[in-house]
Amino acid sequence: MKELTLELALKMLEAAERWAKDIAGFSCSIAVVDKAGAVIAVHRMDGAAMATTDIAIEKAWTAVAFKMPTLMGSRWLDPRNMGKLMGDHAMGMIGRGKGRLCFIPGGIPVADEENEVIGAIGCSGVPSGVGDISDTSVSQAGVTALYE
Amino acid sequence: MNLEVAKNLLQTGIKKSKEMGKLCSIAIVDDHGWLVALHRMDGAPIPTAEIARDKAWTAAAFRIPSAEVSQFGDPNVSGYGFNVQNWNERLTTIPGGMPILNEGRLIGAIGVCGETPKEDVIICQNILKDIFREERELGPGRRKPRKKYGRR
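Those protein sequences? They're chains A and B, same order as listed.
Per my numbering, the first sequence starts with residue 1, numbered consecutively.
Per my numbering, the second sequence starts with residue 149, numbered consecutively.
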């Protein structure tokens, strides 16, 4: 598994969609990007808000650009973390990356066997705060399917 | 237009362009021009994804093939003076975007980008030829997803 192909991307999307539909019960948009941050596949589920496709793509782009889940980046931007470890230098992140940087939780990078980042998956449209259900867990379902 | 139909269209399109030996991106938008699904084939250039989406948006917005939007630059056609060049970041006159019409009613649009515009149009037409057959195979009465709220 050296690079993400369309076939693998669709496998991830299918698993994530199934998770979002059957377990979370919310409609969302899911995007998969390759290691350059370029879109491989985007799906918007029936009933998901229209603007979520763009946000899902941006989350995936950010995850691959920083080689880390956007959940971690969102901790940087949280004003409550000011003065804590990695908490007080990150407000300048806002608006970087020609406006594409999106540190909303929901993007997860995908690594191969050598721990090299080969792409990312991003999800948008699931409200967070209900148990384990969030954009991140939908993306995680997609990542898990890739390694099966 | 829903995701199931869009996925079927994309599957058909990718199969057809593989048969032709072409690499391309295909975008499906709904009747308001919003993206429903987008696939970029392995090896297709990166910007093709965004251009395919632009073509599909243009086709959905005007309800005509994206190539025909360039007619607004012709002084002999009504609609002359419309700012085709700088209307917004999506409007394009490159051939390869086609509206999907069902009995005259717009249900979505498709955009193909990757090869020369002529070949994009051929791929587009090949996909549209199959759409209503696909629709019949899916049948009516698709159920909505059952709602569950997970563990509490």
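We put the CB at the ideal spot given by N, CA and C, even for glycine.
Since we're looking at a predicted model, the values are computed, not measured.
- Residues M1, L146 of the same chain have their beta carbon placed closer than 8 angstroms to that of L8/A, with the five preceding and five following residues left out of the count.
- One finds T5, L6 in chain A with Cβ atoms closer than 7 angstroms to the Cβ of D190/B, taken in chain order.
- Annotation for G161/B: the continuous alpha helix (DSSP H) segment containing it runs 151 to 168.
- Taken in chain order, the complete beta strand (DSSP E) segments of 3 residues or longer contained in the stretch 227 to 280 of chain B are 245 to 250, 253 to 261.
- Interface flag for A204/B against chain A is unset, since no Cβ pair is found closer than 8 angstroms.
- For the stretch 167 to 196 of chain B, the set of residues with a beta-carbon nearer than 7 angstroms to any beta-carbon of chain A comprises W182, L183, V184, A185, L186, H187, R188, M189, D190, I194, in chain order.
- For the stretch 26 to 59 of chain A, the residues whose beta carbon sits under 7 angstroms from a beta carbon of chain B are, in order, A36, A38, V39, I40, A41, V42, H43, R44, M45, D46, M50, T53.
- Listed by position along chain A, the residues whose Cβ is nearer than 7 angstroms to that of N150/B are D46.
- The beta carbon of L71/A sits closer than 6 angstroms to the beta carbons of P105, T136 from its chain, once the five residues preceding and following it are set aside; these are given in chain order.
- For T52/A and I194/B, the gap between their C-alpha atoms comes out near 21 angstroms.
- Spatial neighbours of L239/B in its own chain (CB-CB distance under 6 angstroms, excluding positions within 5 residues in sequence) are listed in chain order as T206.
- DSSP places S139/A in the uninterrupted alpha helix (DSSP H) bounded by 135 to 147.
- A residue is called buried when at least 16 other Cβ atoms come within 10 angstroms of its Cβ; A36/A does not meet this threshold and is exposed.
- Secondary structure note for G73/A: its alpha helix (DSSP H) is the uninterrupted segment 70 to 76.
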